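Below you'll find the structure, written out as structure tokens, and then a few comments.
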Amino acid sequence: MQTITESDPSGGSRGHRRVLGLVKVAAVLAAAALITAACGSSSPSATKKSSNKNASASTTTTTSAAASTTTSTTATTAKPATATVKAATATTTTAKPATPTNAAASTPGGSLSTGLTSTPSAALTGIGSSSIVPFYGKALYEYHAANSAVTVNYSGSGSGPGVTAIEQNTASFGQSETPMTAAQLAASKGPVLQVPVDLGGVSLSYHLSGVAGGLKLNGPVLAQIYLRQITTWNDPAIAALNPGVNLPNENIIPVFRTDTSGPGYDVDQYLIDTSTAWTSAIGTTSPSTTWPTAGRASGDTGEDLNAGVATYIQETEGAIGYVEYSYALQANFTNAAVANPAGAYVTPSVGTIANAGAQAASLSATNFNIINAAGAQAYPLANFSWALVYQKQASTNTGIVLGKLFQWIITTAQGYSSGLGYAPLPANAVAVAHQTLLGLETSSGSPIFTN
Amino acid sequence: MTLTSEPSTHDPSELLSPASVERRRDVVRQASRSSLRRRRLLGNATRAVCYVALCIALVPLAALVGYTVDRGVQGLSWGFFTQVPAPYGVPGGGIANAIVGTLIIVGLAAVMAIPVGLAVALFLVERRGRVAAAIRFVADVMSGIPSIAIGIYAYALIVVPLGPSGYAGITGSFALAVLMVPIIVRADEVAMRAVPDDLWDAALALGARRSRVARSVVLRNALPGIVTGNLLGVARAVGETAPLLFTIFGSQFLETNPFKPMQAMPLTIYTDGTQADAHLQSVAWATALVLLVFVLVLSIGARTIASYATRHAR
Amino acid sequence: MVHSVGIVTSGGPGAESEAGTRPAGSTSFERRGHVAALIAHRHRRPGGRVYTALRWGGVLIFVAVVVSLVVSLVWQAAPAFRHSGFSFIFSGTWDPDTEKFGAGVFIVDTLLTTGLGLLMAIPVGIATAVALSEFLPRRLAGPLSTAIDLLAAVPSIVVGLWALLILVPVFERDVEPFLQKIPLVRHLFTGEDLGTGILLASVVLAVMMLPTMVALTRVALRGVSVADREAALALGGTQWQVVRRAVIPGARSGIEAAITLAMGRALGEAIAVSLVIGGGVSLPHSLLDTGTTLGSAVVNFFSESSGIQRSAVIGLVVVLLAFTAVANIGGQLLIRPRRSRGYERAEPEEVAPTGEGAPA
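Written out as structure tokens, the structure reads:
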């Protein structure tokens, strides 16, 4: 098997052969490098790379149209931070007294160097909860319309992928309906700031033609439905809660989330709080973002993401499942009236969700549970949604953009909430969020914003 | 039908007597007639079964295309092709970002895959032996690899080391190129092998370099087949979703920079089609229709070129 | 595709017809290269070097990508294999919380859905191919077979969308209750009517396998030599008998190849299946149960997994690769031996560019 050149009897081609050989060797080396890169990057232990290595990678990619920004934020101008024009209308933070060394900005967004008159340009990626997709879709669209230099793409692939993305630093920010656990924080590449950015509720939507919305359900009955102990809609237990409602003799098809989910966590927490049958069936009193599926007869079906559950409910007579209220609103679902601790049966709405959120007196990433919140008209299945960003931002530019973005989200963008089925953040939540955002630091540890 | 009525004598003249022949002929005629009837009946029954099977096979085709056209057409409009998606709850909007994204991503994938595919095909045609056989075998097996595996490979190779900036249109192009190369290699090799040996021999005998032979003789004659193969590879890549799931990230904005996250049509179908929102579902159907038309045009184009080449073959 | 009837590979019997001395074992092409080199007196072929380098470059890129794909996936999956050992394949428990990873349920569901899909696609596919190539007049058969071939080009996401939005309600309302009423058979279809489930996933796979089956079977049937057909006719066979006795047995290896290649495609299908299979993680007791195949498990679990769980998910990919590789290699081996037989047959590569649709 010889090539023409190599079969050449004359010796004059030796030089050419050498060059050819070098080319082949170079190609083999390149191939070996490719393989090594693939192995090296992909071995799981290699995912715990030092944050510096990733830092250098992300620094080179974020484009900055602004002049070089100083990492120190001791600007001497008294000009308010101009990029917070929109935030000026809805700020709820207390104005700090202006000092000569800090830019007097009663609106958060920080003081930046004088050369900066607009938000630097950046392309950010966010991964996380699907529950916030309607809100983020609108908010990020409007933010881009107002700040054309900033493009934020959000992928609502689930709270689980959001947390994983932050752990592995494959996204600019993550989003999760439940804050990260200690183990997840330990697995991350540095301290993570968790910022509450919206307040949503989980509706128990059902598809029963002929039955209006507001079917009353309480914890024990709901637990029995999901445990497949109640299998038809006209079961006495349901009828007892709903006298006068004509319940059809149809099979109940409970729908659960197959992936990690905030709504699943909320319903799990609610059932743990209200039903001993549930806790004894699943064998634990701590809720999980993974829906417990063990130990019951088949007949329920699992779907992926809020959209999957919603589509299934929409298509299937007799189905009941838990979805973010915004989805139920969009799809015009009939929602159950869920029993709350005050004994009232409350349907999800912006008002009842807001009532639940108002109960979060001392909200923080470790004290976030408002399931079964007190209050006569508080919806018992509400939760805050948490944005996850690294405290130390490798690229100061990215840090500035992230900070300003979330500042805008917790203030101006809350105006879009009620139209989409979320309640605006209560004042204390905004304060917590703002304080958390002030924790953003450059890679050398100095804070990016002052107030 | 036994012939026990035949005389047991072995006298040939006896067997050849007209009566005996007539008797045998009768037996055979009767046997064949009833057998023919039975065989014809079975034949007709089988034919009916096959026709029924044909109808069964056509039903999903008709249903698929029918529903896609029916529901997709409702969502089409001029704005559909020129606008980006509207935010949640706002009607209108379109898939301009997905169309542009698909064109850029698949275009880059073709730029990556076609030269490599051509090179490997030329290699396979010009070389014999274990190496070439092994590579051909690998290419054949690779053409059947699940595309989800390719997507995960691209994710591990590019997104994990690069972090957030690894999500880009070009990462998806790389994954699609990996998918396309085996298809292109097989098709190109077949097309080149179809060039008669005489042409190769004549060119080489005239002293042409192999590159010259490849350029002038092989490519020129095999060009229709090569173009067909490339078009089929592109048609396949246009419709793939799994390689894009973990690589291009998706975007609601129009993005023309392949180093940033982009949208593509299969991704739009996947995310919008699974929503319980009527407007988004209609967007998904309309996108599916556009994608279907795209793929069909490419496939039909490939077939047309192939049959044109066959008809005008040397 | 232009194909001369006869052997197309270089170095086949056609080359032997040349007389003269030649080095043993060399092919027609390299032989001619020798001759050309000797005649041309040209030793320097600068263009040839660039060309050869480019050619080698392309080959090496291709090989590097293939090798790095396999190596990187196996490398990433290795921790999970070490962690679980053989129970990775055989155990039916997939529980990330306790770090028990067993692919047993996924493997069973994959084989079940693919097997059921084949059960539906094979008879319909072969019968359709027979109808198209043997029974129908040419005028009808041409457009119809083109239509079915184009069905192969439909992207699987479109099939998945159609199955999710159209078939799920139909199955849940009509098909499944109907199946539960048929005596005897209904014991296979116990349980709730959910719409989604193993049955619907199998139907979707069958729809996607059907065009491949029909196209490859048609090629196999066309490849049966004229001599065989005429012999059967001469023996007095009816058209059906010719088909059944002479054509189908003659095409058997081609049909087997079609089956294995269709099976390979079905095994790798992830997106469309994940939309309609319902996501159950326990062993199915009925065909109406929900399940998870290897492909749909990867789609569902990959994004949110990290650490040892991600390694386990990639282990699922490796298992899936192994299955599809076996199916593909089987199909290739079944196709290849036909080349070496001297019959006048249509070239098997003819089917390569029919453009199978996208198993996403």
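Here the protein sequences come in this chain order: Y, B and G.
Take the first sequence: its position 382, counting from 1, is numbered 382 in this note's numbering, and each next residue is one higher.
Take the second sequence: its position 193, counting from 1, is numbered 193 in this note's numbering, and each next residue is one higher.
Take the third sequence: its position 116, counting from 1, is numbered 116 in this note's numbering, and each next residue is one higher.
Cβ coordinates follow ideal geometry from the N, Cα and C atoms, glycine included.
Owing to the predicted nature of the structure, the values given are computational and were not obtained by experimental measurement.
Legend entry - Contact with chain Y by GLU172(G), beta-carbon distance below 8 Å: yes
Legend entry - Inter-residue Cα distance where the pair is HIS144(Y) and ALA98(B): 18 Å
Inset, instruction - Return no unless some Cβ of chain G is closer than 8 Å to the Cβ of SER364(Y). - result: no
Inset, instruction - Please compile the residues from chain G whose C-beta is within a distance smaller than 9 Å of the C-beta of SER157(Y). - result: SER303, GLU304
Inset, instruction - Compute the Euclidean distance between the alpha carbons of GLY233(B) and LEU140(G), then round it to the nearest angstrom. - result: 28 Å
Inset, instruction - Measure the alpha-carbon distance for SER385(Y) versus THR178(Y) and round it to whole angstroms. - result: 7 Å
Legend entry - Cβ pair SER364(Y), ALA394(Y) closer than 8 Å: Contact annotation: SER364(Y) and ALA394(Y) have beta-carbon atoms that are not nearer than 8 Å.
Inset, instruction - Find the residues of chain Y that neighbour GLY279(G), judging by a C-beta separation of less than 8 Å, and give them in chain order. - result: THR258, THR301, GLY302, GLU303, ASP304
Inset, instruction - Quick one: which residues of the stretch 418 to 443 of chain Y get their C-beta closer than 8 Å to a C-beta of chain B? List them in chain order. - result: The stretch 418 to 443 of chain Y vs chain B, Cβ under 8 Å: GLY419, LEU420.
Inset, instruction - Please name the residue in ARG71(B), LEU58(B), ASN44(B) whose C-alpha comes closest to that of ALA286(B). - result: ARG71(B)
Legend entry - Between the CA atoms of LEU188(G) and THR247(B) - distance to the nearest angstrom: 41 Å
Inset, instruction - State buried or exposed for TRP240(G), treating a residue as buried only when at least 16 other CB atoms are found within 10 Å of its CB. - result: buried
Legend entry - Residues from the stretch 227 to 247 of chain G in contact with chain Y, defined by Cβ distance under 7 Å: none
Inset, instruction - Could you please give the first and the last residue of the uninterrupted beta strand (DSSP E) stretch that includes ILE320(Y)? - result: 319 to 324
Legend entry - Same chain, Cβ closer than 6 Å to GLY351(Y), five either side skipped, listed in chain order: none
Legend entry - Test: LEU298(B) CB closer than 8 Å to a CB of chain Y: no
Inset, instruction - Pull up the DSSP beta-bridge partners for GLY201(Y), would you. - result: ALA382(Y)
Legend entry - Cβ-based burial, ARG265(G) [other Cβ within 10 Å; buried from 16]: buried
Inset, instruction - Could you say which of MET180(Y), GLN224(Y), ALA387(Y), ALA186(Y) lies nearest to ALA277(Y) if we only look at CA atoms? - result: GLN224(Y)
Legend entry - Enclosing beta strand (DSSP E) for LEU124(Y) [first to last residue]: 122 to 128
Inset, instruction - Would you mind telling me which residues of chain B sit closer than 8 Å to ILE148(G), beta carbon to beta carbon, in chain order? - result: ALA57, LEU58, LEU61
Legend entry - Nearest-angstrom Cβ-Cβ length linking PRO224(B) and TYR308(B), presumed shorter than 8 Å: 7 Å
Legend entry - THR290(G): contacting residues in chain Y (beta-carbon distance under 7 Å): THR301, GLY302
Legend entry - Simplified DSSP assignment, three categories, for LYS138(Y): In the structure shown, LYS138(Y) sits in a helix (DSSP, three-state: H, G or I).
Inset, instruction - Name, please, each residue of chain G whose Cβ falls closer than 9 Å to the Cβ of LEU219(B). - result: Within 9 Å Cβ-Cβ: nothing; LEU219(B) doesn't reach chain G, min ~12 Å.
Legend entry - CYS55(B) burial status per 10 Å Cβ neighbour count (16 or more: buried): exposed
Inset, instruction - Starting from the beta carbon of TYR167(B), find every residue of chain Y whose beta carbon is closer than 7 Å, and list them in chain order. - result: THR125
Legend entry - Rounded distance between the beta-carbons of THR289(Y) and GLY160(Y), thought under 8 Å: 7 Å
Inset, instruction - With a 10 Å radius around its C-beta and 16 neighbouring C-beta atoms as the bar for buried, classify SER34(B) as buried or exposed. - result: exposed
Legend entry - Beta-ladder partner(s) of ALA337(Y), from DSSP: LYS216(Y)
Inset, instruction - Just the C-alpha distance for ALA242(B) and ILE148(B), rounded to the nearest angstrom, thanks. - result: 5 Å
Legend entry - Closer than 8 Å to chain B by CB, ILE255(G): no
Legend entry - Inter-stretch contact at 8 Å, needing at least 3 Cβ pairs: the stretch 302 to 312 of chain G / the stretch 96 to 104 of chain G: yes
Legend entry - Continuous alpha helix (DSSP H) stretch holding VAL243(G): start and end: VAL243(G) -> no alpha helix (DSSP H), and no H or E assigned at all.
Inset, instruction - Could you round the C-beta distance between SER133(G) and ARG222(G) to whole angstroms and report it? I think they count as a contact, below 8 Å. - result: 6 Å
Legend entry - CB contact check: GLU192(G) to chain C, cutoff 8 Å: Note that chain C does not occur in the displayed structure, where the protein chains are Y, B and G.
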